[in-house]
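Novice: Pasting a structure here, questions to come.
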Amino acid sequence: MITYRSIQPSDHAELGRIIVDTWKFDQFTGGPEGATHFGQSYLLSCLLRESYTCVALREGRPVGVIVGSDCRKGRKRWHWGAYFRALRHAVPLLFDRSFRRGNGEWSGYGETLAALDRAVGYPFDAELSLFLVDESCRGLGIGKQLYRNLMEHFAAEGIESFYVHTDTGCNHRFYEAQGLQRLAEAATEFSYAGVEKVTVFVYGQKK
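For the sequence shown, full-length UniProt numbering gives the first residue as 1, with consecutive numbering after it.
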């Protein structure tokens with residue numbers, strides 16, 4: 001049985017593991033401990049500005065998550081608790097040689113996304129900040145239900161436009177199937193999740 005609820009701190013460890021396993025983030029660290037810190041740091045960074053979270057549970061175990069962030073003036077949030085927890089996991093990564101070697105690639109990836117956002121130049125109401133489903137549970141409709149839950153929340157809050165960053169290391173075609181428009185794309189030298197030189201995208205729904 002699949003159930004859905006807001007994220008809880010007890011979910012973080014399992015969701016961090018899913019992040020690492022899904023996107024093969026362990027390739028950027030020197031061992032399991034570093035990979036755990038990376039997964040937690042990534043998860044918490046996605047929760048810094050969240051205004052909506054939904055976790056899918058299968059027999060009580062987190063198997064998927066979606067996070068939305070309201071970007072409208074006066075609605076933006078900043079969660080200091082998530083910030084300090086993310087920092088606590090980020091600091092050990094500074095001493096991980098493998099992570100430090102790959103940090104330049106991550107910086108380049110982030111700069112490419114920032115350039116795409118500037119090129120799009122649209123004042124979106126919200127961002128879809130994080131969306132993933134455990135590989136063992138794909139094909140069960142969990143992703144579609146998580147996405148539907150977020151869309152219902154956006155509608156209830158009067159959010160009419162939103163965007164999402166994605167790339168060829170993810171199932172980016174899902175967003176096209178949901179009717180989102182591909183607004184911008186760029187090739188990179190960054191490789192992860194078994195995909196060489198990923199292409200990054202901005203998908204979105206405008207008013």
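Even for Gly, the Cβ is constructed at its ideal location relative to N, Cα and C.
Can you grab the Cα-Cα spacing for the pair ALA156 / LEU150, in whole Å?
Specialist: Position 156 of the sequence shown, counted from the first residue, corresponds to residue 156. Position 150 of the sequence shown, counted from the first residue, corresponds to residue 150. Roughly 10 Å between the two C-alpha positions.
Novice: Determine whether the beta carbon atoms of GLY18 and LEU146 lie at a separation below 8 Å.
Specialist: Here residue 18 is taken as the residue at index 18 of the sequence shown, counted from 1. Here residue 146 is taken as the residue at index 146 of the sequence shown, counted from 1. According to the sequence as given, residue 18 is Ile; it is not Gly. No, the Cβ-Cβ distance between ILE18 and LEU146 is not below 8 Å.
Novice: Apart from the five residues on each side of it in sequence, which residues of its chain come closer than 7 Å, Cβ to Cβ, to GLU185?
Specialist: As a working note, residue 185 is residue 185 in the sequence shown. Hits under 7 Å: THR199, VAL200, PHE201.
Novice: Measure the alpha-carbon distance for HIS165 versus GLY74 and round it to whole angstroms.
Specialist: Here residue 165 is taken as the residue at index 165 of the sequence shown, counted from 1. Here residue 74 is taken as the residue at index 74 of the sequence shown, counted from 1. Rounded to the nearest angstrom, the two C-alpha atoms are 23 Å apart.
Novice: Tell me, which residues are paired with THR3 by DSSP?
Specialist: Locating residue 3 in the sequence shown gives position 3, where the first residue counts as 1. In the DSSP output, where bridge partners are listed per residue, THR3 has LEU57.
Novice: When you compare only the Cα positions, how much space is there between LEU140 and ASP125?
Specialist: Locating residue 140 in the sequence shown gives position 140, where the first residue counts as 1. Locating residue 125 in the sequence shown gives position 125, where the first residue counts as 1. Their backbone Cα atoms lie some 30 Å apart in a straight line.
Novice: When DSSP builds the beta bridges, which residues end up paired with TYR192?
Specialist: Position 192 of the sequence shown, counted from the start, is the residue given in the question as residue 192. TYR192 pairs with VAL195.
Novice: Within a Cβ cutoff of 6 Å, which residues of the same chain sit near ILE159, ignoring the five residues on either side of it in sequence?
Specialist: Looking up residue 159 in the sequence shown gives position 159. Hits under 6 Å: ASP125, ALA126.
Novice: Rounded to the nearest angstrom, how far is the Cβ of LEU44 from that of ALA13, given a contact under 8 Å?
Specialist: By one-based count along the sequence shown, residue 44 stands at place 44. By one-based count along the sequence shown, residue 13 stands at place 13. Contact flag wrong, Cβ pair sits at about 12 Å.
Novice: Which same chain residues, not among the five before or five after SER129, have their C-beta less than 6 Å away from its C-beta?
Specialist: Stepping through the sequence shown from its first residue, residue 129 is reached at position 129. Excluding residues within five positions, the ones whose Cβ falls inside 6 Å are CYS46, VAL67, SER69.
Novice: Give me the DSSP bridge partner(s) of ARG182.
Specialist: Numbered from 1 along the sequence shown, position 182 holds the residue referred to as residue 182. Per DSSP, TYR203.
Novice: Using three-state DSSP, classify ASP70 as helix, strand or coil.
Specialist: Working through the sequence shown from its first residue, we reach residue 70 at position 70. Strand.
Novice: Assign LEU114 to buried or exposed, taking buried as 16 or more other Cβ atoms, counted over all protein chains shown, within 10 Å of its Cβ.
Specialist: One-based indexing of the sequence shown puts residue 114 at position 114. Rather than Leu, the amino acid found at residue 114 in this sequence is Ala. Per the 10 Å Cβ criterion, exposed.
Novice: When burial is assigned at 16 or more other CB atoms within 10 Å of the CB, is VAL91 buried or exposed?
Specialist: As a position in the sequence shown, residue 91 is number 91, starting the count at 1. Per the 10 Å Cβ criterion, exposed.
Novice: Note down, in chain order, each residue of its chain lying with its Cβ closer than 6 Å to the Cβ of residue 210, except the 5 sequence neighbours on either side.
Specialist: The first residue shown for the chain is 1 and the last is 207, placing residue 210 beyond what the model contains.
Novice: Would you call the region 32–40 and the region 51–60 in contact, with 3 or more CB pairs under 8 Å?
Specialist: Cβ pair count under 8 Å is below three, so no.
Novice: Taking Cβ to Cβ, would you say ARG49 is nearer than 8 Å to ARG77?
Specialist: Stepping through the sequence shown from its first residue, residue 49 is reached at position 49. Stepping through the sequence shown from its first residue, residue 77 is reached at position 77. Contact: yes.
Novice: Counting along the chain, where does the alpha helix (DSSP H) carrying HIS153 start and finish?
Specialist: Against the sequence shown, residue 153 aligns to sequence position 153. First-last of the alpha helix (DSSP H) with HIS153: 142–156.
Novice: Taking the DSSP output, what are the residues bridged to GLU127?
Specialist: For the purposes of this step, residue 127 is taken as residue 127 along the sequence shown, with counting starting at 1. Looking at the DSSP assignment, GLU127 forms a beta bridge with SER69, TYR163.
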